[in-house]
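Participant:
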Amino acid sequence: MQSEHSPQHDSAPPGAVSYLASVGTALPGDPVDNAALARTLGVNEEWIDVFIGTRTRHFARDLETGEVRWSLADLCARAAEQALTASGLAPHEIDFVVMGTATPDHLMPATVNHVVDQLGLDQIPTYQLQSGCAGAVQALQLGHTLVTGGGHKAGLVIGGDVCSKHLDLDRDLSSAAPSDLVNYVLFGDGAGAAVVTSTPRGERLALRTVLNRFTGLGREPGQVIDWFGLADRHEDRQAVREDYKAIEESVPTMAVEILWELLEELDWTPEDVDFLLPPQLSGRMTRRITDGLGLPDAVEVSCVADTGNNGNALPFLQLEALLGKIGQGQRALAVAVESSKWIKSGFALEKI
Amino acid sequence: MHTIDDFVRLVRDELGMPLEEYQVSADLDQLPAWDSLYLLKLVTALEQATGRSLPVGRLLEARSLGEIYQLAART
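Going line by line, the protein sequences match chains A and B. Going by full-length UniProt numbering, the residue at position 311 of the first sequence is 311; the numbering climbs one at a time, nothing skipped. Going by full-length UniProt numbering, the residue at position 60 of the second sequence is 60; the numbering climbs one at a time, nothing skipped.
(1) Which residues in chain B sit within 9 Å of Phe51/A, going by Cβ to Cβ distance?
(2) If distances are taken between C-alpha atoms only, which option among Asp49/A, Pro91/A, Gly29/A, Ile52/A comes closest to Asp74/A?
(3) Between which residues of its own chain and Ile124/A is the CB-CB distance below 8 Å, once the five residues before and five after are set aside?
(4) Which first and last residues belong to the beta strand (DSSP E) in which Gly57/B is found?
(5) Note down the Cα distance separating residue 359/A from Trp342/A, rounded to an integer number of angstroms.
(6) Tell me the rounded alpha-carbon separation between Ser340/A and Arg74/B.
(7) What's the gap between the Cα of Gln23/B and the Cα of Ala102/A?
(8) According to DSSP, simplified to helix, strand and coil, what is Lys344/A?
(9) Just checking my contact of Thr290/A with Leu276/A at CB under 8 Å: how many whole Å lie between their CB atoms?
(10) What do you get for Glu249/A, buried or exposed, if any count of 16 or more other CB atoms within 10 angstroms of its CB means buried?
(11) Which one or two residues does DSSP pair with Ile258/A in a beta bridge?
(12) For a cutoff of 9 Å on Cβ pairs, would you count Ala26/B as touching chain A?
(13) How about Gly222/A and Ala246/A: do their beta carbons lie closer than 9 Å?
(14) Return the bridge partner residues of Thr148/A from the DSSP annotation.
(15) Check whether the Cβ of Val182/A lies closer than 9 Å to any Cβ atom in chain B.
(16) For Val32/A, write down the residues that DSSP places opposite it in a beta bridge.
(17) Between Tyr244/A and chain B, is there a C-beta pair that is closer than 9 Å?
(18) From this set, Met99/A, Pro91/A, Ser131/A, Thr148/A, which residue's C-alpha is nearest Asp122/A's C-alpha?
(19) Looking at the secondary structure, which residues open and close the alpha helix (DSSP H) in which Phe7/B lies?
(20) Give a yes or no on whether the minimum CB-CB distance between Val335/A and chain B is below 9 Å.
(21) Chain B partners of Trp227/A, CB-CB under 7 Å?
(22) Around the Cβ of Lys41/B, are there at least 16 other Cβ atoms within 10 angstroms (buried) or fewer (exposed)?
(23) Within a Cβ cutoff of 6 Å, which residues of the same chain sit near Glu300/A, ignoring the five residues on either side of it in sequence?
(24) On the three-state DSSP scale, how would you describe Gln330/A?
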């Protein structure tokens, strides 16, 4: 059935503004370069350089021993603690915590509750969104809604992923399907967080609008992460599947549509955008998408070539880089596409 | 891997790509499934079979599987 509703960006009052007071991030261990990754997986290093264009990534799992050094909760708590300290807010001022991830430590309890426990917070509402590359934006939207119309003054918004859960180091990749193999060279682990406030605090980045829309009606997923229980764990199903051809075809077009929708919504012209935070698929794809977005005067803020694609953490890593560059009165636009079930997302910031 | 027949067998078995004899010299664009991930699978299989590292930059100049075989055999 076709929806007759006009697009709704927000459940917050129209024109309502929230603020990002600070950002924190956590990347596990030392960066793993293409030579080390290629050696571990038994694949060609030059191919990763040419076709993925990502130079380094970080893994919570030790590539030599396979030992898990950090849980998702550990990384998210580290990022959140950094954001909280940088915000200048006291822990008791945090009214809620929202977290997005595609790779929780457990299905229950939700990882967000372990994060909150590690932070020493208690007696506050927590939310966990099961999400991919749009997850950070969805978490920001919920945070924005809670401080603009939900009666709260400040909260923590977190995103993180530990993709190395699926990095099977003992596996012979020669028999892997292309849609399986690609995941080994695209992803990394990491976490990020921001403190969202109802009045300008800390970095005083006004969140002007947030876009978050499912557009996958009738479309096959572009990315699937399966999960296994006691009854089906021995079934020969592919754990991670990426339809990289559909992604290569659709994401650049969707990114342009998101950009123009945000500009129209804000009544901004392309010249008004000082910084662009484009989708972070891989070094190579991000270059291609950014060229297609056609904002030559905007400074690109990207991280994927150094961090790998760590899903829900990416926009926070981009925001952290943005903080060092953006000046008073300057504007930034972020665009993210979740190809799982084709979610369009983005947001706009202005430093006041 | 010593002959073009060994190479064709490797493409069929290791890549799971059905390959007719005439397709060995066909332009890569004419192979329905061919893409960069199949190139990675082929490079990985060839490196395992020969024990040598292959120069991907030079393989990109090849326009057919036959040319990739020639380059791999010379490396």
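Glycine included, each C-beta is placed from N, C-alpha and C at the ideal position. Quantities reported herein were computed from a predicted structural model and do not represent experimental measurements.
Facilitator: Taking the structure as given:
(1) As a first step, residue 51/A must be located in the first sequence, where it is residue number 51. Near Phe51/A (Cβ distances below 9 Å), the residues of chain B are Ser36, Leu37, Leu39, Leu40, Val56.
(2) What you label residue 74/A is simply residue 74 of the first sequence in a count that begins at 1. Ranking Asp49/A, Pro91/A, Gly29/A, Ile52/A by Cα distance to Asp74/A puts Gly29/A first.
(3) In the first sequence, counting from the first residue as 1, residue 124/A sits at position 124. Closer than 8 Å at Cβ, skipping near neighbours: Ile94, Asp95, Phe96, Val97, Val116.
(4) Within the second sequence, the letter at position 57 stands for residue 57/B. Taken as a continuous stretch (DSSP letters only), Gly57/B belongs to no beta strand (DSSP E), being part of the alpha helix (DSSP H) at 56 to 59.
(5) Outside the modelled stretch of chain A, which goes from 1 to 352, sits residue 359/A, for which no answer is possible.
(6) Looking up residue 340/A in the first sequence gives position 340. Looking up residue 74/B in the second sequence gives position 74. In a straight line, the C-alpha of Ser340/A is about 42 Å away from that of Arg74/B.
(7) Residue mapping note: residue 23/B aligns to position 23 of the second sequence, counting from 1. Residue mapping note: residue 102/A aligns to position 102 of the first sequence, counting from 1. Going from the Cα of Gln23/B to the Cα of Ala102/A covers about 41 Å.
(8) By one-based count along the first sequence, residue 344/A stands at place 344. The answer is strand: DSSP assigns Lys344/A an E or B state.
(9) Working through the first sequence from its first residue, we reach residue 290/A at position 290. Working through the first sequence from its first residue, we reach residue 276/A at position 276. Correct: roughly 7 Å between the Cβ atoms.
(10) For this step, residue 249/A is matched to residue 249 along the first sequence. It is exposed - the Cβ of Glu249/A has fewer than 16 other Cβ atoms within 10 Å.
(11) By one-based count along the first sequence, residue 258/A stands at place 258. Looking at the DSSP assignment, Ile258/A forms no beta bridge with any residue, so it has no partner.
(12) To locate residue 26/B, count along the second sequence from 1; it is residue 26. For Ala26/B, the answer is no, since every Cβ of chain A falls outside 9 Å of its Cβ.
(13) For the purposes of this step, residue 222/A is taken as the residue at position 222 of the first sequence. For the purposes of this step, residue 246/A is taken as the residue at position 246 of the first sequence. Result yes, Cβ atoms of Gly222/A and Ala246/A sit closer than 9 Å.
(14) Translated into positions along the first sequence, residue 148/A becomes position 148. BP columns for Thr148/A are empty, so no partner.
(15) The sequence position of residue 182/A within the first sequence is 182, counting from 1. Yes, because at least one Cβ of chain B sits closer than 9 Å to the Cβ of Val182/A.
(16) Locating residue 32/A in the first sequence gives position 32, counting from the first residue. DSSP lists Arg57/A as partners of Val32/A.
(17) Within the first sequence, numbered from 1, the residue matching residue 244/A stands at position 244. Answer yes: the Cβ-Cβ gap between Tyr244/A and chain B drops below 9 Å somewhere.
(18) The residue given as residue 122/A occupies position 122 in the first sequence. Asp122/A has its Cα closest to that of Pro91/A, out of Met99/A, Pro91/A, Ser131/A, Thr148/A.
(19) Within the second sequence, numbered from 1, the residue matching residue 7/B stands at position 7. Run containing Phe7/B: 4 to 15, per the alpha helix (DSSP H) assignment.
(20) Walking along the first sequence from the start, residue 335/A turns up at place 335. Output row for Val335/A: interface = no.
(21) Here residue 227/A is taken as the residue at index 227 of the first sequence, counted from 1. In chain order: nothing, as chain B lies at least about 24 Å away.
(22) The sequence position of residue 41/B within the second sequence is 41, counting from 1. The residue in question, Lys41/B, is buried, as its Cβ has 16 or more Cβ neighbours within 10 Å.
(23) Numbered from its first residue, the first sequence carries residue 300/A at position 300. Hits under 6 Å: Leu276, Thr290.
(24) Position 330 of the first sequence, counted from the first residue, corresponds to residue 330/A. Coil, per DSSP.
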